[in-house]
Amino acid sequence: MGFSKLGLSDSILKAVTQQGYDKPSPIQEKSIPVVLEGKDLMAAAQTGTGKTAGFTLPILQLLSKGQPTKSNQVRTLILTPTRELAAQVQDSVATYGKHLPLKSAVVFGGVKINPQMKKLRGGVDILVATPGRLLDLYSQNAVKFDQLEIIVFDEADRMLDMGFLPDIKRILKTLPPKRQTLMFSATFSDEIRKLAKSLVRNPVEISTTPRNTTVKSVKQWIHPVDKSKKQALLTKLIKDHSWYQVLVFSRTKHGANRIATQLGKKGITAAAIHGNKSQGARTRALADFKAGKVNVLVATDIAARGIDIVELPHVVNFDLPNVPEDYVHRIGRTGRAGSKGEAISLVSADEAKQLFDIERLIQNKLDRIMVDDFVPDHDVPESAKNILPPKKKKPKKNKPRNKPRYGKDSNSKDNKAKKKKGFWGNKPNKKSKNK
0 MGFSKLGLSD
10 SILKAVTQQG
20 YDKPSPIQEK
30 SIPVVLEGKD
40 LMAAAQTGTG
50 KTAGFTLPIL
60 QLLSKGQPTK
70 SNQVRTLILT
80 PTRELAAQVQ
90 DSVATYGKHL
100 PLKSAVVFGG
110 VKINPQMKKL
120 RGGVDILVAT
130 PGRLLDLYSQ
140 NAVKFDQLEI
150 IVFDEADRML
160 DMGFLPDIKR
170 ILKTLPPKRQ
180 TLMFSATFSD
190 EIRKLAKSLV
200 RNPVEISTTP
210 RNTTVKSVKQ
220 WIHPVDKSKK
230 QALLTKLIKD
240 HSWYQVLVFS
250 RTKHGANRIA
260 TQLGKKGITA
270 AAIHGNKSQG
280 ARTRALADFK
290 AGKVNVLVAT
300 DIAARGIDIV
310 ELPHVVNFDL
320 PNVPEDYVHR
330 IGRTGRAGSK
340 GEAISLVSAD
350 EAKQLFDIER
360 LIQNKLDRIM
370 VDDFVPDHDV
380 PESAKNILPP
390 KKKKPKKNKP
400 RNKPRYGKDS
410 NSKDNKAKKK
420 KGFWGNKPNK
430 KSKNK
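See below:
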């Protein structure tokens, strides 16, 4: 099926063709019709499969037929967890909407707010935003949602993580109840799925891959190594294999800085990006990495969301993530759009639990490859458990606390009244005992 059969206008099709695309990816083929029908959507697709265009294209189509925005109004709100991802989504909106008379803007923290307020004065059809900056703008009456038609959560699992949830709830209270809600993400854990469903109405659920799996084009393995020798092993791998573009993941901001500094001392150009870096510093580091001026980019999980690099060959997990779903996001930076990539994890013995959790999530046992001179003193144990996810236990039936008295059923009106009074009305006497 080609894009022309998905119900998109000639103006949008022209922009798509100019980008060199003639056929939609599986996630685009499934999601575009659903969005055009005005239905709520929960879509699971791995990074690099074109999920951003999966909501950008149909939204542009819907907005092109509506009424123009009034001052400070927004018709579509796209929320992202990071500045980098917000900028990437805005690029997609601008690219595919360049032949349409629609206005878009992106707002995020770390930069001056006044220029952003000026952009919003005339109203925009599409606003891409991070939650914190959006709330700042809303509190100053710089943005209004009376005309809002669609809200999109990109990287929905991270957006709904506990760190973002309070802001998300505050934002949702400002929106009109009648709206279309779209959620796109690489993974949907059971907890996130349950929470997401409370925010959407009768959503259509689509997935292009089994839940929480990794891209087949990415070759994955681990190097067991003592924690104290990880830095030296990373340096050796980069130099011995002449890796020219490597994305390294660190669990902490301090660790990211330390790794980048140590690589620099060994003659390897490196830069670190994380939440403590200014927006300008993060933008420069990413631009230098894409341009080849920097060989290694060291990032934390949050900072790496939205990094879009064509044919990134190598991803290294210097530390394994505490949340196994983050592993899927990490290695999704490579092997994008069908290209091949490698994901290497440096694993010490104290990370065995994280490793087993990851293997169980992706339902695949990762190869252990020893490196000469770096064989660990403390072995990384093999998982003795089946990597398949454990079967869900059937819930136990609730047994009545008191046996029926005088032949009355435990669900009789008298018993219900007693329970109701004890729970909602007068507090039962703690000293009293059931006879």
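Heads up: the sequence shown at position 276 corresponds to 275 in numbering that gives the first Met the number 0, and the numbers run straight through without jumps.
We put the beta carbon where it would ideally sit given N, CA and C, even for glycine.
| query | result |
| --- | --- |
| Helix or strand or just coil, what does DSSP make of lysine 143? | strand |
| With C-beta atoms as the reference, is valine 315 less than 8 Å away from alanine 259? | no |
| Among residues of its own chain, excluding the 5 on either side of aspartate 124, which ones have a beta-carbon nearer than 7 Å to its beta-carbon? | Leu62, Thr68, Arg74, Thr75, Leu101, Lys102 and Ser103 |
| Work out the CA separation of valine 379 and serine 8 for me, nearest whole Å. | 56 Å |
| Among Lys218, Lys352 and Asn321, whose alpha-carbon lies nearest the alpha-carbon of isoleucine 343? | Lys218 |
| Tell me the rounded alpha-carbon separation between isoleucine 237 and lysine 264. | 14 Å |
| Have a look at threonine 16 and glutamine 89 and give me their C-alpha separation to the nearest angstrom. | 19 Å |
| Below 7 Å CB to CB, which residues in the same chain sit around aspartate 356 once its five sequence neighbours on both sides are set aside? | Pro323 |
| List the endpoints of the continuous alpha helix (DSSP H) containing methionine 437. | Residue 437 lies beyond the stretch modelled for the chain, which goes from 0 to 434, so this question has no answer here. |
| Alpha carbons only, please: which of Met158, Thr173, Lys168 and Pro320 is nearest the one belonging to glutamate 148? | Thr173 |
| Using 8 Å for Cβ pairs, my map puts leucine 40 next to methionine 182. What's the rounded Cβ distance? | 7 Å |
| Cα-Cα, which of Arg178, Arg200 and Ile205 is closest to phenylalanine 187? | Ile205 |
| Between the stretch 229-247 and the stretch 317-332, can you find at least three pairs of beta-carbon atoms closer than 8 Å? | yes |
| Cα-Cα, which of Glu190, Gly53, Asn113 and Leu78 is closest to glutamate 154? | Leu78 |
| Mind checking lysine 117: buried by the 16 CB within 10 Å criterion, or exposed? | exposed |
| Once DSSP output is grouped into helix, strand and coil, what is the label at histidine 273? | coil |
| In whole angstroms, what separates the C-alpha of lysine 134 from that of glycine 274? | A quick correction: the sequence has leucine, not lysine, at residue 134. Their Cα atoms are separated by approximately 19 Å. |
| Between the Cα of glutamine 139 and the Cα atoms of Lys22, Gln115, Tyr326 and Ile330, which residue gives the shortest distance? | Gln115 |
| Quick check on this structure: which residue in Gly340, Asp225 and Ile308 has the alpha carbon closest to the alpha carbon of aspartate 349? | Asp225 |
| Return the CA-CA distance between proline 130 and lysine 143, expressed in angstroms with no decimal places. | 14 Å |
| Serine 184: which of Phe152, Ser197, Asp239 and Leu246 sits nearest, CA to CA? | Phe152 |
| Using a threshold of 8 Å, state whether the C-beta atoms of glycine 53 and glutamine 179 are closer than that. | no |
| Determine the direct distance from the alpha carbon of threonine 55 to that of aspartate 408, and round the result to whole angstroms. | Residue placement at aspartate 408 cannot be trusted, given a pLDDT of 47 that sits under 50; the coordinates are not used to answer. |
| Just the C-alpha distance for glutamine 362 and arginine 329, rounded to the nearest angstrom, thanks. | 17 Å |
| Going by beta carbon distance, what residues of the same chain come within less than 7 Å of lysine 13, once the five residues before and after it are set aside? | His98 |
| Give the DSSP-derived three-state secondary structure of glutamate 190 in the structure shown. | helix |
| Quick one: what's got a C-beta closer than 8 Å to aspartate 156's C-beta in the same chain, skipping five residues either side? | Ser184, Ala185, Thr186, Phe187, Ser188, Ile191 and Glu324 |
| Taking all protein chains shown into account, do 16 or more other C-beta atoms lie within 10 angstroms of the C-beta of valine 245, making it buried, or fewer, making it exposed? | buried |
| Using the rule of at least 16 other Cβ atoms within 10 Å of the residue's Cβ for burial, across every protein chain shown, is serine 249 buried or exposed? | buried |
| What do you reckon, are the CB atoms on alanine 141 and asparagine 201 nearer than 8 Å? | no |
| In whole angstroms, what is the alpha-carbon distance linking alanine 93 and isoleucine 11? | 11 Å |
| Would aspartate 300 be called buried (16 or more neighbouring beta carbons within 10 Å of its own) or exposed? | buried |
| Helix, strand or coil: which one does DSSP assign to phenylalanine 288? | helix |
| DSSP on serine 206, reduced to helix/strand/coil? | strand |
| With distance defined between alpha-carbon atoms, name the residue in Arg257, Val247 and Ala269 nearest to arginine 332. | Val247 |
| Throw me the rounded Cβ distance for the alanine 271 and alanine 255 pair, which I believe falls under 8 Å. | 4 Å |
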